[in-house]
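Undergrad:
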Amino acid sequence: MDNKPIKEPIRKKWIWIVLVLIVLGNVPWYMPAGSYEPLILGIPYWAWIIVGFSLLLCAYLSWATLKHWNIVEDIEEEEKRRKANE
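Numbered per my numbering, the sequence shown finishes at 87, counting up by one with no gaps.
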């Protein structure tokens, strides 16, 4: 069994702060109303900003899940499997 310390990201405030900032950046509420120029490859610039923040959100959540999440349930499930195999 892995001897990794149990880590749950819900208890780390900085993870939530960064998540909220990325989500706020993903919504173009800060853009001027009716603004669509300049067009980049025929798409308004704010759409590229949304795509960028969406990719950033996906990368951040993947990173947080892989690096900052080692929860108790994994250990409990492993113990249950071992007991069932005995």
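Ideal Cβ positions, reconstructed from N, Cα and C, are used throughout, including at glycine.
Would you identify the three-state DSSP class for Pro33, choosing helix, strand or coil?
TA: Taking the first residue of the sequence shown as 1, we reach residue 33 at position 32. In this structure, Pro33 counts as coil in the three-state DSSP scheme.
Undergrad: What three-state label does DSSP hand Leu42 in the structure shown?
TA: By one-based count along the sequence shown, residue 42 stands at place 41. DSSP places Leu42 in coil when its eight states are reduced to three.
Undergrad: May I ask you to report which of helix, strand or coil DSSP gives Trp70?
TA: Here residue 70 is taken as the residue at index 69 of the sequence shown, counted from 1. It is coil, neither helix nor strand.
Undergrad: When the Cα atoms are used, what is the spatial distance from Leu57 to Ala85?
TA: Working through the sequence shown from its first residue, we reach residue 57 at position 56. Working through the sequence shown from its first residue, we reach residue 85 at position 84. Their Cα atoms are separated by approximately 42 Å.
Undergrad: What are the boundary residues of the alpha helix (DSSP H) that Lys13 is part of?
TA: Counting from one through the sequence shown, the residue named residue 13 turns up at place 12. Per DSSP, Lys13 belongs to no alpha helix (DSSP H) and is neither H nor E.
Undergrad: Check each candidate in Ser36, Ile50 and Lys68 and name the one with the smallest Cα separation from Leu25.
TA: The residue labelled residue 25 in the question sits at position 24 within the sequence shown. Comparing Cα-Cα distances from Leu25 to each of Ser36, Ile50 and Lys68, the minimum goes to Ile50.
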